[in-house]
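The sequence shown maps to residues -18 to -1, 1 to 217 in mature numbering (1 follows the signal peptide of the UniProt record, and there is no 0).
For reference, the structure is listed below as structure tokens.
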Amino acid sequence: MKKIMGLLLLTASMATQAELQMLDNSDLQKIEGQAGADISLKLDLNQDATGQYDQALCGGANAPYCRLALSLNNRYVTKQAGDSDTVWSAPNSNSGRKLWLVLKDIQGSINIQKLGLDGVDLLYAKKGSAQVQILKPAIQLSLTASKPLIIKNFGFSALSIEQDQYQTSSDGSIAESNPTSASQYGYLNNSTYTSTDSVYDAGKQKGFTGMMMNGNLAINGRMLMFSCDSTHPRC
């Protein structure tokens, strides 16, 4: 009998439901939540355990897959008199071969030691009425100069402008002659300098500039994210 009563009580407690209550702005202002969170993040990009460029991962034929490529809207080239089959030069904003801005051999380590994540109240004067105050909840991201961003070997070896070897039409459709060939795509072009081009740069990726950054970046400030409507002067 005791077992049956215990089972009935357990079943009754499991069936109990908590009714949700609606809260207005006044009720919400009275609620106090827990403290925010401090987040630490570290990005290691194309580096080995010693912090050097990972040649096993990104060397040789794998080099085209260790870069950052950007393509801007309406940036194409078409063929004009004197152009070779591989390099076209007439600018076009509607169709043609798409142009790419490629950062080759990109690598680096960025350590964000402390990123504060909090919920705060944002108080501001209503647009057009300085006497009316608006209170809105906001997400706050903060950085402190006592915990700087640590940057090690961050950069790229070559910056290059590449072009696809197929054409893109004005409606965005493409006509690839050999889709399985990496050389068809501008951002995968794996051209390197020969000893004839440059003895110093022989074997390196072709490009016209590079960048390498090491140091600490100290930032002291905060950023607020909130819903912006017509009451805010900047919305």
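Note that the Cβ used here is the ideal one computed from N, Cα and C, for glycine as well.
Spatial neighbours of G137 in its own chain (CB-CB distance under 8 Å, excluding positions within 5 residues in sequence) are listed in chain order as I88, Q89, G90, G192, M193, M194 and M195. Counting along the chain, S8 sits inside the alpha helix (DSSP H) bounded by residues N7 to Q11. Rounded to the nearest angstrom, the Cβ distance from S212 to K118 is 13 Å, too far for a contact under 8 Å. Just measuring C-alpha positions, the residue of N202, R204 and Y175 sitting nearest F190 is Y175. For Y182, no pairing in a beta bridge is given by DSSP. Here T150 is bridged, per DSSP, to G78 and I156. Counting along the chain, the unbroken beta strand (DSSP E) around Q145 starts and ends at A140 to Q145.
With a cutoff of 8 Å on beta-carbon distance, A140 and Q95 are scored as not near each other. If the five residues before and after E144 are omitted, its C-beta is found closer than 7 Å to the C-beta atoms of W82, V84, G168, Y169 and N171, all from its own chain and listed in chain order. The stretch 63 to 75 makes no contact with the stretch 156 to 164: fewer than 3 CB pairs, one atom from each, lie closer than 8 Å. In the DSSP assignment, A38 falls within the alpha helix (DSSP H) that extends over Q37 to C40. Each of S22, N56 and G197 was checked against the Cα of R79, and the nearest Cα belongs to N56. If only complete runs of 3 or more residues are kept, the stretch 48 to 126 shows the beta strand (DSSP E) at 50 to 52, 58 to 60, 72 to 74, 79 to 86, 89 to 108 and 111 to 125, in order along the chain.
Looking at the backbone, the Cα of D65 and that of L39 are separated by about 36 Å.
About 19 Å separates the Cβ atoms of L105 and L123, ruling out a contact at the 8 Å cut-off. For I21, the enclosing beta strand (DSSP E) covers residues A19 to L27.
With fewer than 16 other beta carbons inside 10 angstroms of its own, P215 counts as exposed. Residue environment analysis places A45 among the buried positions, since at least 16 neighbouring C-beta atoms fall within 10 angstroms of its C-beta.
Here G42 is actually not in contact with N135; their C-beta atoms are around 20 Å apart, not less than 8 Å.
For the pair I92 and L199, the Cα-to-Cα distance works out to about 10 Å. DSSP links F136 through a beta bridge to M195.
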